[in-house]
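Okay, structure first, notes after.
Number of protein chains: 2
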Amino acid sequence: MNIREIVRNMKMDAPVLAATAEAERNNALLCAAKDIGDHREEIFAANAEDVAEAQKNGVSAQIIKRLKFDEGKMRAVIDGMHQLTELPDPIGKVSLKRELDQDLILERISCPIGVIGVIFEARPDALVQISSLCLKSGNCAILKGGRETARTNRILYEVIHNSFVRSGMPEGCLKLAETHNEIDELLDCYGDVDLLIPRGSNAFVRYIMEHTKIPVMGHADGVCHIYVDRHYDRELALSVIRDAKTQYPVACNSVEMILVNREAAPEFLPLLWNAMSSCGVSMRFTEEAAALLKEKGIDCTTDPFLTEADFHREYGELILSVCLTEDVRTAAAHINRYGSHHTDCIITSDDEAAAVFMQLVDSAGVYRNVSTRFADGFRYGFGAEVGISTSKLHARGPVGLEGLVTYKYLLSGKGQTVNEYASGTREFHHRDLL
Amino acid sequence: MNIREIVRNMKMDAPVLAATAEAERNNALLCAAKDIGDHREEIFAANAEDVAEAQKNGVSAQIIKRLKFDEGKMRAVIDGMHQLTELPDPIGKVSLKRELDQDLILERISCPIGVIGVIFEARPDALVQISSLCLKSGNCAILKGGRETARTNRILYEVIHNSFVRSGMPEGCLKLAETHNEIDELLDCYGDVDLLIPRGSNAFVRYIMEHTKIPVMGHADGVCHIYVDRHYDRELALSVIRDAKTQYPVACNSVEMILVNREAAPEFLPLLWNAMSSCGVSMRFTEEAAALLKEKGIDCTTDPFLTEADFHREYGELILSVCLTEDVRTAAAHINRYGSHHTDCIITSDDEAAAVFMQLVDSAGVYRNVSTRFADGFRYGFGAEVGISTSKLHARGPVGLEGLVTYKYLLSGKGQTVNEYASGTREFHHRDLL
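If you read the sequences in order, they're chains D and L.
Count the first sequence with the numbering used here and you get residues 177 to 610, in order.
Count the second sequence with the numbering used here and you get residues 177 to 610, in order.
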């Protein structure tokens, strides 16, 4: 079967999965968690082959760490599945119940989205987490993982799929796409796939967004800012910036640009220069900022200077842009114009400035006095996340179970017709019952 | 200024509009409502010119009725604006407040989407309603209305924009695009326009969906079904079907296909034939249904018979498809496969069959024993609607104020770093404060 046929069958299974009871889905998750543990030897063996091949191909040590599926990661994913069963059921929640008229009852009830395509990097633990989140939320999922862990993906998929189906879930609840050209086939499945969640490099996510009519949830860029306001705590500012830049520089929620209030700059720029230099961060300054540092006796030798064309840059490594700005309003305008609407922070001891910033900045996360690195489903307490969305529609920011459901309106009556209301024979009274 | 420059400026004004207080926005709406009344003579004069030109061009009487902006419609839009000011503010609502750790507070707060492009049919009252809904929800709107009412649109726009700006709203809160090629320019404004809401013919909405990267909210098709189950009330079934087909046949929520349970068919098909014939509805039957009618002595002379290729058909006029099906499950499968996920209904006196249908059918509206024509924001009690969405992401079904907002996460702390949590120095406790 090709991908189009596979997802068409999944589409037919989706309402069946959506109709399963919470207890059945939790039971399937527990069953899969146990089976993963029971198949540890085969899983580790497959992973060892993947890792050996990657090493042969000269893959970097840092990436190898991500490919590896060891005892620790197995424990983590099994724990994660247990925790997921304890979270409340995201489907079947009634968010509106209204009597439109006598014996005419409208309800809005949460339900799964349907068939979700998830394209993710080579990380076997991600396969387990995504499968679990989709099943918990009653969604059928078609997965395409990074090819460097093809063997590990295959055995993990087989174990999980087998457990799910044995627990009474429909055959089409989970499918695996394995060859690279299947990504393009998947992008073509508008109408059968309801949502795509791509994870990976910016260029890859952008490619997905530009080559499909299927709605896409995710983010291509993470150009996060920290604005240091006129009134600020020096130690706090440096510590937050250090964390936001260096704690995990490749993450999308790492900071890329520091905006400094012009009044604060003469004091703060030298402090920032020293603090960042001491932890291996290179800095790029606008001409104005560089001149100010020079006055302070620091030759930052930025050549060429940072210009407007660089304001969109996401470094993903230990490099930081620095630019001066007038006040909290110009900072917000800069962020809204050049940022990626991901996560942006103000460092200030002034409550009023903080309120203005949090109101004006149009990003999924707007922070005060904390590291941008907190933008994460686990840290927010969502249990797990399928990704972070910079879209404004549907889910925004870290997306957990709530982002994987939609709703439908149910209306029950006794034969009412619109004509009775249009002609004035009957009238709506719209009484909320919830 | 071209459209790209206009929306870029609107984008900069969007956070300013989002920051206005509820009272200010309500005041702007009341001011516009008064000004529309005060400019009645100019508005009616402009509309008379539009209508005269349309008549000269041979536009049908039914369309002319839509173009006309008379005393009654003016009263209705002014009333609508007053009612809108009484609805609760959709922005600034806190839907999550959580202490992640001591002094680390996460909030999720509703906010406007930003800049919304609305492309709508030639109906002056729609211009007023859409402008009002967008302002109430704090969104900047760029409007493109049907060219047959260009003069009426222009004067209404000028009056409303003037009132809004005089009431303190930013200049970019509302803009009007007037030439047809500006639609294509607008479709190109990905990044500056956050959402497009097209209204109009299926072909037009489909064109919009296929020619932009901007998220689109709306529906191209309205292929609604009514399934008549084994156990059903005859009078109720006929009355609901009559209303759903004839009350306003061009509406997207009119019924196009009647699915009849095979056990019910021998009794119900002749009844349906008589009832529909008596109100001028033509019917198209599958070969199986036609044969059954023939047995009953009714020659429905459907030639050619209805086949699978016709199952997607949206007639929008007094024509109805009829097809037999086995049971509630096959009916749901048919609807999920051939329908448009808009609004679908079961006629049954059997609670269990109703529950199965409402669970399995994957549509924005799933009804029992009522006309599909109830799918409408006003009838649902949403005050007004910007349109009906068949998308599963974000808003689904009739979209009122709630569908015009998104949310952002605000995180306030005292200098916390992710490194403290990653290293185990601190731990999250995730305590909900709401």
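For glycine and all other residues, C-beta sits at the position ideal for the given N, C-alpha and C.
Quick caveat, the model's predicted, so the values are computed rather than measured.
- For serine 271 (chain L), the three-state secondary structure derived from DSSP is strand.
- Using a Cβ-Cβ cut-off of 9 Å, valine 335 (chain L) is close to nothing in chain D; its nearest Cβ partner there is about 29 Å away.
- Against asparagine 595 (chain D), the close residues of chain L are Asp419, Gln423, in the order they occur along the chain (beta-carbon pairs closer than 7 Å).
- For the stretch 527 to 553 of chain L, the beta-carbon criterion of a distance under 7 Å to any beta-carbon of chain D is satisfied by Met534, Gln535, Leu536, Asp538, Ser539, Ala540, Gly541, Val542, Tyr543, Arg544, Asn545, Val546, Ser547, Arg549, Phe550.
- Interface with chain L (7 Å Cβ-Cβ cutoff): glycine 573 (chain D) is included.
- For histidine 401 (chain D), the uninterrupted beta strand (DSSP E) run begins and ends at 400 to 404, by DSSP.
- A distance below 8 Å between beta-carbons, with the five flanking residues on each side excluded, links arginine 180 (chain D) to the following residues of its chain, in chain order: Glu361, Asp364, Cys365, Asp368.
- By the criterion of a C-beta distance shorter than 7 Å, glutamine 259 (chain D) is surrounded in its chain by Gly559, once the five residues flanking it on both sides are discounted.
- Glutamine 238 (chain D) sits away from asparagine 595 (chain L), with the two beta carbons spaced by 7 Å or more.
- Ranked by Cα distance from alanine 466 (chain L), the options L:Trp449, L:Asp486, L:Val457 are led by L:Trp449.
- Not a single CB atom of chain L sits nearer than 7 Å to the CB of isoleucine 384 (chain D).
- In this structure valine 270 (chain L) is exposed. Its beta-carbon is surrounded by fewer than 16 other beta-carbon atoms within 10 angstroms.
- At a cut-off of 7 Å between beta carbons, tyrosine 403 (chain L) makes no contact with chain D.
- Serine 565 (chain L) and alanine 540 (chain L) do touch by the CB rule: their CB atoms are close to 7 Å apart, below 8 Å.
- Valine 581 (chain L) carries a strand assignment under DSSP once its states are collapsed to helix, strand and coil.
- For a Cβ distance threshold of 7 Å, nothing in chain L lies close to isoleucine 318 (chain D): the least Cβ distance comes to about 16 Å.
- Closer than 8 Å at the C-beta level to chain L, one finds these residues of the stretch 361 to 386 of chain D: Asp370, Leu371, Met385, Glu386.
- Looking at the DSSP output, lysine 320 (chain L) sits in a beta bridge with L:Ile295, L:Ala353.
- Contact check for threonine 582 (chain L) against arginine 572 (chain D) passes: the beta carbons are separated by less than 7 Å.
- Contiguous beta strand (DSSP E) elements confined to the stretch 358 to 383 of chain D occur at 371 to 374, taking only those with 3 or more residues.
- Lysine 269 (chain L) is outside the set of residues whose beta carbon lies under 7 Å from a beta carbon in chain D.
- Residue environment: glutamate 603 (chain D) is assigned as exposed (fewer than 16 neighbouring CB atoms within 10 Å of its CB, all protein chains considered).
- Per DSSP, glutamate 490 (chain L) is not a residue of any beta strand (DSSP E), being assigned neither H nor E.
- In terms of beta-carbon proximity, glycine 589 (chain D) lines the interface with chain L, with at least one pair separated by less than 7 Å.
- The stretch 522 to 583 of chain D is shown to contain whole beta strand (DSSP E) runs of 3 or more residues at 541 to 544, 563 to 565, 573 to 575, in chain order.
- At a cut-off of 4 residues, the continuous stretches assigned as alpha helix (DSSP H) that sit fully inside the stretch 193 to 253 of chain D are 198 to 214, 216 to 232, 237 to 243.
- Chain L has no Cβ within less than 7 Å of the Cβ of leucine 447 (chain D).
- Annotation: methionine 345 (chain L) has no Cβ neighbours in chain D at a cutoff of 8 Å; minimum Cβ distance is about 16 Å.
- The Cβ atoms of cysteine 349 (chain D) and cysteine 316 (chain D) lie closer than 7 Å to each other.
- Using a Cβ distance threshold of 7 Å, alanine 194 (chain D) and glutamate 324 (chain D) do not count as a contacting pair.
- Residue-level contact by beta carbon fails for proline 288 (chain L) and chain D, as no gap is shorter than 7 Å.
- For the pair leucine 494 (chain D) and methionine 459 (chain D), the CB atoms are not nearer than the 7 Å cut-off.
- Just so you know, the alpha carbons of proline 346 (chain L) and asparagine 203 (chain L) end up roughly 14 Å apart.
- Of the candidates L:Gly394, L:Glu471, L:Thr355, the residue whose Cα lies closest to the Cα of isoleucine 373 (chain L) is L:Gly394.
- Residue environment for lysine 244 (chain L): buried (at least 16 other C-beta atoms within 10 angstroms of its C-beta).
- In the structure shown, glutamate 502 (chain L) adopts coil according to DSSP, grouped into three states.
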